[in-house]
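Trainee: Counting along the sequence shown from 1, when you hit position 123 you're at 185 in this note's numbering, and nothing is skipped either side.
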Amino acid sequence: MFSTSRHIISTYYQDESWSVKLHVFIRSVIVPWRMVVDEIPSTGVLLDYGCGHGLFLCYCKIFRPDLILIGLEPDARKKAVLQKMKDVRIIDNLSEIENRIDCIVVSDVFYAITPDSHKLLLASLTNYLSNDGIFIIKEIVNRPRIKYWFNILHEMLTMKMFGVTEGDSINLLPVRHYGSMLSNHFAVIKGSAIDGGYLWPHYLFVCKGKLH
Ligand SMILES: C[S@@+](CC[C@H](N)C(=O)[O-])C[C@H]1O[C@@H](n2cnc3c(N)ncnc32)[C@H](O)[C@@H]1O
Numbered sequence: 063m064f065s066t067s068r069h070i071i072s073t074y075y076q077d078e079s080w081s082v083k084l085h086v087f088i089r090s091v092i093v094p095w096r097m098v099v100d101e102i103p104s105t106g107v108l109l110d111y112g113c114g115h116g117l118f119l120c121y122c123k124i125f126r127p128d129l130i131l132i133g134l135e136p137d138a139r140k141k142a143v144l145q146k147m148k149d150v151r152i153i154d155n156l157s158e159i160e161n162r163i164d165c166i167v168v169s170d171v172f173y174a175i176t177p178d179s180h181k182l183l184l185a186s187l188t189n190y191l192s193n194d195g196i197f198i199i200k201e202i203v204n205r206p207r208i209k210y211w212f213n214i215l216h217e218m219l220t221m222k223m224f225g226v227t228e229g230d231s232i233n234l235l236p237v238r239h240y241g242s243m244l245s246n247h248f249a250v251i252k253g254s255a256i257d258g259g260y261l262w263p264h265y266l267f268v269c270k271g272k273l274h
């Protein structure tokens with residue numbers, strides 16, 4: 063685990079500030095990224111929506127080198143880091159996407175935006191997914207309770223105090239919130255808790271069979 067983190071920092075973030083390196087390193091060890099990588103295809107086009115500093119894109123480069131990568135990130139500071147990354151197309155708006163995408167990954171973005179806008183965002187993203195595409199949400203949810211409270215504390219520190227993460231609020235929602243929303247768009251939804259061995263209540267949804 064640490065060897066991949068070290069490799070990522072020294073290969074893709076070598077010229078960044080210590081705070082960026084630290085942030086990326088911490089995220090690389092607190093999220094089970096390999097379990098997300100296991101669900102993505104080997105070829106085609108992948109969009110990482112709300113990709114932050116591009117950490118998951120680095121995992122894609124290492125473990126899925128044939129993928130064509132697109133990243134979208136609204137935070138200007140994070141985007142400045144991303145723009146230095148080779149072999150990743152950075153877009154500002156979904157409307158810049160010309161052809162349907164084979165795999166869309168949305169990692170820890172929904173919790174950072176108000177739940178009222180979730181349905182609209184999901185509908186908009188699925189529009190850009192190919193009919194046989196894979197849609198992946200990695201989120202932190204509100205169970206187990208002990209991890210929920212730990213996470214609230216952690217996010218309050220990072221989002222509110224250090225301003226590391228941009229977002230309107232912290233919304234750790236139940237699995238059923240995502241399940242019911244996704245069932246309007248996908249025939250097959252695989253949901254799994256991937257928090258074993260982690261302090262954060264990580265949950266993974268892998269969706270296929272786009273409905274419309
Ligand atoms: C917790 S970070 C996760 C970053 C990255 N996906 C990861 O898992 O490491 C949440 C990211 O969502 C981005 N974000 C917030 N609102 C967004 C929106 N409406 N659309 C796209 N990204 C958004 C933030 O700028 C931030 O980089």
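Even for Gly, the Cβ is constructed at its ideal location relative to N, Cα and C.
So for residue 164, helix, strand or coil by DSSP?
Mentor: It is a strand residue.
Trainee: Check residue 151 in the structure and name its three-state DSSP category.
Mentor: Strand, per DSSP.
Trainee: Please report the residue range of the beta strand (DSSP E) in which residue 252 lies.
Mentor: Where residue 252 is concerned, the enclosing beta strand (DSSP E) stretches over 248 to 255.
Trainee: To which residues does DSSP link residue 111 through a beta bridge?
Mentor: In the DSSP output, where bridge partners are listed per residue, residue 111 has 134, 168.
Trainee: Taking 6 Å as the line, does the beta carbon of residue 137 fall inside it for any heavy atom of ligand 1?
Mentor: Yes, the beta carbon of residue 137 sits closer than 6 Å to at least one heavy atom of ligand 1.
Trainee: Please state whether the Cβ-Cβ distance between residue 264 and residue 256 is less than 7 Å.
Mentor: Yes.
Trainee: What is the rounded straight-line gap between the Cα of residue 209 and the Cα of residue 199?
Mentor: Those two C-alpha atoms are separated by around 19 Å.
Trainee: So the candidates are 84, 89, 71, 93; which of them puts its Cα closest to the Cα of residue 259?
Mentor: Residue 93 is the option with its Cα nearest to residue 259.
Trainee: Taking its Cβ as the centre, do 16 or more other Cβ atoms sit within 10 Å of residue 105, making it buried, or is it exposed?
Mentor: Residue 105 should be labelled exposed.
Trainee: If contacts are defined as beta-carbon pairs under 8 Å, then residue 131 and residue 117 qualify, I think. What distance do you get, rounded to the angstrom?
Mentor: Rounded, the Cβ-Cβ distance is 12 Å, inconsistent with contact.
Trainee: At what residues does the alpha helix (DSSP H) containing residue 217 begin and finish?
Mentor: Note, residue 217: alpha helix (DSSP H), 207 to 217.
Trainee: If we ignore side chains and look at the alpha-carbon of each, how far apart do residue 91 and residue 67 end up?
Mentor: Cα to Cα, the separation comes out at about 7 Å.
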